[in-house]
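When the letters of the sequence shown are read in order and numbered with mature numbering (1 follows the signal peptide of the UniProt record, and there is no 0), they come out as residues -32 to -1, 1 to 375. These notes are about the structure you will find just below.
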Amino acid sequence: MSVRNAAKRLTSVMTAASLSLALLMPAGPAFADAGFRQWVAGFRATAVQSGVSGALYDQAFGDIKDVDPVVLEKARTQPEFTAPAWDYFDNRVHDQSVAVGQQMAKKWRPWLDRIESRFGVDRNILLAIWSMESNYGEILKRDDIMRNVVRSLATLAYADPKRSKYARTQLIAALKILQTGDIDESHLSGSWAGAMGQTQFIPTSYQHYAVDMDGNGKRDIWNSIPDALATAANLLKKNGWQAGKTWGYEVTLPAGKLPAGSKTLAQWQALGVVRANGKPFKNGTDKATLKVPDGRGGPAFLMIRNFSVIKAYNNADKYALAVGLLADEIAGSSGLVQDWKRPFTKLTFEERQELQKRLSQHGLYDGKFDGKIGDGSKTAIMAFQAKAGLTQDGYPSMEVLKWLRKK
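What follows is the structure, given as structure tokens:
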């Protein structure tokens, strides 16, 4: 099972059945706590039959007396992803993520040398995944995001019928991780859906791919950067990563319709598809598929085998493309030749932080000044646009920032 494909399926809204369950429960916590404790007691036999020791189970649940309400709220409110291409990539591939990636490349160079030598996976791809998954570990410092993995998964298994099967499987895997001694229960933290560590592995994927790269006897993807990056590299290698090859190429397209399907790079070139930077393709015999995530007017790409391997981490074209683009920029690429079809003037990462700070000063935004434009930032932008008599599009634009600077 891939690292996040199972967790990705959790992003749909809770079913009517799970909502009905919540509505049927009395408002006081006593009923919910008693019901949850009963479920925990009953699931013990299942865990023991699956190879978890009873003593370990009791220890893991020793301080867990009730469900995690934050997990249930996250489960209820996860939206379907419909953001335009520029919105997705602007939040992930930007000057700050590139600069920190280059700093980390220098800081961890000896370990990256060893990981690259052992697994054959491009170090810049690993750095990009680290950025995408946990902002180079910064997310692990946030108590508003990190949850107790055992409690999170038990909450979903007990109170969310749609996610119960997934959560039960992952909960047993998490308990077995504790049983190995790689991490103790007080440090077994993860996302609301159970994704863990610097590179966000769900428990079953951790079991398949975790690596003790630093040789201390523990596969610690939470605190050991070598272990975390090697674990990501191991996943990519075992899913068919081709050493020494890229993920794909930005290209320019000729006029007219092009055929669908996979062709060699040489065949695409014969059809008039060439690299956007003017350089030749590295191996004309590599098979590639054409993708235009922003339509013909946006950047176009020929994706080769390693692009599909990145999707073993998260089965989404945008995710794999963001990893590839960020990796290229960390390595020194100047970025896209053809930019996304963005209907406004783009802000730098620092300008996006300034935008959030100024919205906060107007009492319109109460989130973190992290430069990431999510729903909270967009709602605040629209509120300001309404006050200023501007079109309420929610875009993090230079035009809006200039208006804010005047106020």
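Backbone N, C-alpha and C fix where the C-beta goes; we use that ideal spot for every residue, glycine too.
Next on the checklist: Considering just the uninterrupted stretch of the alpha helix (DSSP H) at residue 196, what are its terminal residues?
Outcome noted: The residue given as residue 196 occupies position 228 in the sequence shown. Annotation: the continuous alpha helix (DSSP H) that includes residue 196 extends over 193 to 206.
Next on the checklist: Considering just the uninterrupted stretch of the beta strand (DSSP E) at residue 217, what are its terminal residues?
Outcome noted: For the purposes of this step, residue 217 is taken as residue 249 along the sequence shown, with counting starting at 1. Residue 217 -> beta strand (DSSP E) spans 216 to 220.
Checklist entry - Who are the Cβ neighbours of residue 59 in its own chain at under 7 Å, not counting the five residues just before and after it? => result Looking up residue 59 in the sequence shown gives position 91. These residues qualify, in order along the chain: 340, 341.
Checklist entry - Since residue 242 sits in a beta bridge, which residues does DSSP pair it with? => result Translated into positions along the sequence shown, residue 242 becomes position 274. Paired residues: 220.
Next on the checklist: Once DSSP output is grouped into helix, strand and coil, what is the label at residue 258?
Outcome noted: As a first step, residue 258 is located in the sequence shown; it is residue number 290 there, counting from the start. In this structure, residue 258 counts as strand in the three-state DSSP scheme.
Item to check | Straight-line gap, residue 21 to residue 221 (C-alpha atoms, nearest Å) | outcome: In the sequence shown, residue 21 corresponds to position 53, counting from 1. In the sequence shown, residue 221 corresponds to position 253, counting from 1. Going by C-alpha positions, residue 21 is about 60 Å away from residue 221.
Checklist entry - Which value, in whole angstroms, describes the spacing of the CA atoms of residue 391 and residue 14? => result Given a span of -32 to 375 for the chain in the structure shown, any question on residue 391 remains unanswerable.
Checklist entry - If you check the beta carbons only, do residue 91 and residue 97 fall under 8 Å apart? => result If you number the sequence shown from 1, residue 91 lands on position 123. If you number the sequence shown from 1, residue 97 lands on position 129. At the C-beta level, residue 91 and residue 97 stay beyond 8 Å of one another.
Checklist entry - Would DSSP call residue 304 helix, strand or coil? => result The residue you call residue 304 lines up with position 336 of the sequence shown. Coil, per DSSP.
Item to check | Distance CB(residue 131)-CB(residue 124) smaller than 8 Å | outcome: Taking the first residue of the sequence shown as position 1, residue 131 is located at position 163. Taking the first residue of the sequence shown as position 1, residue 124 is located at position 156. Against a cut-off of 8 Å, the Cβ pair of residue 124 and residue 131 comes out as a contact.
Item to check | Those runs of the alpha helix (DSSP H) which lie wholly inside the segment 258 to 342 and span at least 4 residues | outcome: 273 to 278, 285 to 298, 317 to 329
Checklist entry - Measuring CA to CA, which of 372, 65, 154 is closest to residue 331? => result As a first step, residue 331 is located in the sequence shown; it is residue number 363 there, counting from the start. Checking every option, the nearest Cα to that of residue 331 belongs to 372.
Checklist entry - For residue 214, which of 129, 313, 275, 40 has the nearest alpha-carbon? => result As a working note, residue 214 is residue 246 in the sequence shown. Nearest of 129, 313, 275, 40 to residue 214, Cα basis: 275.
Checklist entry - Would the beta-carbon of residue 367 be found less than 7 Å away from any heavy atom of the ligand NAD? => result This structure does not include the ligand NAD; it has no bound ligands of any sort.
Next on the checklist: Can you tell me whether residue 184 is buried or exposed? The criterion is at least 16 other CB atoms within 10 Å of its CB, across all chains shown.
Outcome noted: Residue numbering aside, residue 184 sits at position 216 when the sequence shown is read from its first letter. Exposed, since its Cβ has fewer than 16 Cβ neighbours within 10 Å.
Item to check | residue 354 beta carbon less than 8 Å from that of residue 306 | outcome: Your numbering for residue 306 matches position 338 in the sequence shown. Your numbering for residue 354 matches position 386 in the sequence shown. For residue 306 and residue 354, no; Cβs fall outside 8 Å.
Next on the checklist: Using the three-state DSSP reduction, which class does residue 167 fall into: helix, strand or coil?
Outcome noted: Sequence index remark: in the sequence shown, residue 167 carries index 199 (1-based). Three-state DSSP puts residue 167 in coil, outside helix and strand.
Next on the checklist: Does the segment 186 to 206 come into contact with the segment 255 to 266, if we say contact requires no fewer than three beta-carbon pairs (one atom in each stretch) closer than 8 Å?
Outcome noted: no
Next on the checklist: Taking 8 Å as the cut-off, does the segment 285 to 301 touch the segment 56 to 71 (at least 3 CB pairs, one atom from each stretch)?
Outcome noted: yes
Item to check | Closest by C-alpha distance to residue 377, when choosing among 189, 173, 153, 168 | outcome: Residue 377 lies beyond the residue range present for the chain, which begins at -32 and ends at 375; the question has no answer from this structure.
Checklist entry - What does a CB cutoff of less than 8 Å around residue 189 pick up in its chain, not counting 5 residues either side in sequence? => result Sequence index remark: in the sequence shown, residue 189 carries index 221 (1-based). Taken in chain order, the residues that qualify are 164, 165, 166, 167, 169, 174, 178, 195, 196, 199.
Checklist entry - Buried or exposed: where does residue 378 fall if 16 or more other Cβ atoms within 10 Å of its Cβ makes it buried? => result Because the chain spans -32 through 375 in this model, residue 378 falls outside it and cannot be assessed.
Next on the checklist: In whole angstroms, give me the CA-to-CA distance for residue 88 and residue 51.
Outcome noted: Here residue 88 refers to the residue found at position 120 when the sequence shown is read from its first residue. Here residue 51 refers to the residue found at position 83 when the sequence shown is read from its first residue. Computed Cα separation, rounded: 34 Å.
Next on the checklist: Under DSSP, the alpha helix (DSSP H) around residue 253 begins and ends at which residues?
Outcome noted: Your numbering for residue 253 matches position 285 in the sequence shown. Per DSSP, residue 253 belongs to no alpha helix (DSSP H) and is neither H nor E.
Checklist entry - Of all the options 122, 117, 234, which has the alpha carbon lying nearest to the alpha carbon of residue 151? => result One-based indexing of the sequence shown puts residue 151 at position 183. The option with the nearest alpha carbon to residue 151 is 117.
Item to check | Exposed unless 16 or more other CB atoms sit within 10 angstroms - verdict on residue 37 | outcome: Reading the sequence shown from its first residue, position 69 is the one you call residue 37. Exposed, since its Cβ has fewer than 16 Cβ neighbours within 10 Å.
Item to check | Three-state secondary structure assigned by DSSP to residue 14 | outcome: Along the sequence shown, read from residue 1 onward, the residue named residue 14 stands at position 46. Helix.
Item to check | Residues near residue 272 by beta carbon distance below 6 Å, same chain, minus five either side | outcome: As a first step, residue 272 is located in the sequence shown; it is residue number 304 there, counting from the start. For residue 272, where only same-chain residues beyond five positions count, the Cβ hits under 6 Å are 216, 254, 256.
Item to check | Member of 319, 365, 162, 277 whose CA lies at the smallest distance from the CA of residue 203 | outcome: As a working note, residue 203 is residue 235 in the sequence shown. That would be 277, whose Cα lies nearest to the Cα of residue 203.
Item to check | Where residue 86 falls: helix, strand or coil (DSSP) | outcome: Locating residue 86 in the sequence shown gives position 118, counting from the first residue. Helix, per DSSP.
Checklist entry - residue 116 bridges to which residues according to DSSP? => result Position 148 of the sequence shown, counted from the first residue, corresponds to residue 116. Looking at the DSSP assignment, residue 116 forms a beta bridge with 157.
Checklist entry - Pick from 43, 35, 8, 17: whose alpha carbon is nearest that of residue 27? => result Here residue 27 refers to the residue found at position 59 of the sequence shown. Closest by alpha carbon: 8.
Checklist entry - Which runs of the alpha helix (DSSP H) fall wholly inside the segment 98 to 154 and span at least 4 residues, in chain order? => result As far as the segment 98 to 154 is concerned, its whole alpha helix (DSSP H) runs of at least 4 residues are 117 to 127, 132 to 148.
Checklist entry - Any idea what DSSP makes of residue 213, helix, strand or coil? => result For the purposes of this step, residue 213 is taken as the residue at position 245 of the sequence shown. Collapsing the DSSP output to three states places residue 213 in coil.
Checklist entry - What's the call for residue 17, buried or exposed, on a 16-neighbour Cβ count within 10 Å? => result Your numbering for residue 17 matches position 49 in the sequence shown. Classified as exposed, residue 17 has fewer than 16 neighbouring CB atoms from the shown chains inside 10 Å of its CB.
Checklist entry - Do the CB positions of residue 394 and residue 309 come within less than 8 Å of each other? => result Past the boundaries of the shown model lies residue 394; the chain is included only from -32 to 375, so the question cannot be answered.
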